[in-house]
Amino acid sequence: MGLEDALFGLHGKALELRSQRLSLLASNIANASTPGYKARDIDFEAALRDATDKGESASQAATAAMGYRIPLQPALDGNTVELNTEQTLFAENAVKYQTTLSFLEGRLNTITRALKGE
7 MGLEDALFGL HGKALELRSQ RLSLLASNIA NASTPGYKAR DIDFEAALRD
57 ATDKGESASQ AATAAMGYRI PLQPALDGNT VELNTEQTLF AENAVKYQTT
107 LSFLEGRLNT ITRALKGE
């Protein structure tokens with residue numbers, strides 16, 4: 007167990023994974039009209055489990071837990087991005103990212119106060 011894990015637990019890795027997922031979902035949204043583009047996503051729970059249980063880096067865990075989304079109605083041009091789904095998942099993940107970030111900020115503030123003897 008590294009120092010980062012001791013200080014932040016799984017929240018540090020969760021923040022990295024949420025960041026990577028935000029980038030992936032943003033890429034899906036940006037390619038909503040690209041013919042043949044296949045929407046991808048990260049199974050967050052599986053990635054976090056791999057990152058914590060197997061000791062993988064967040065990047066390795068995200069890659070292992072990445073897959074293609076199965077669309078409800080694929081476009082005729084082969085594009086599988088469903089914009090409403092992507093926007094909803096992006097917003098949900100952004101809120102969870104902010105929540106994790108707020109938790110980590112609180113943890114850092116606590117550690118800083120402890121080091122200052124407050």
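Sequential numbering of the sequence shown, starting at 7, is according to my numbering.
Heads up, the beta-carbon is just placed ideally off N, CA and C, and yes, glycines get one too.
Of the residues assessed, D83 falls on the exposed side of the cut-off, its CB having fewer than 16 other CB atoms within 10 angstroms. D47: member of the beta strand (DSSP E) spanning 46-48, first to last residue.
Taken in chain order, the complete beta strand (DSSP E) segments of 3 or more residues contained in the region 66-119 are 72-74.
With a threshold of 16 other beta carbon atoms within 10 Å, D59 falls short and is exposed. Non-local C-beta neighbours of N37 in its own chain, meaning closer than 7 Å and more than five positions away in sequence, comprise Y43, V87, ordered along the chain.
A direct Cα-Cα distance of roughly 8 Å separates G18 from L110. Residues of the same chain with a CB within less than 6 Å of the CB of D47, apart from the 5 flanking positions on each side, are R75 in chain order.
By the beta-carbon neighbour count (other beta carbons within 10 angstroms, threshold 16), T106 is buried.
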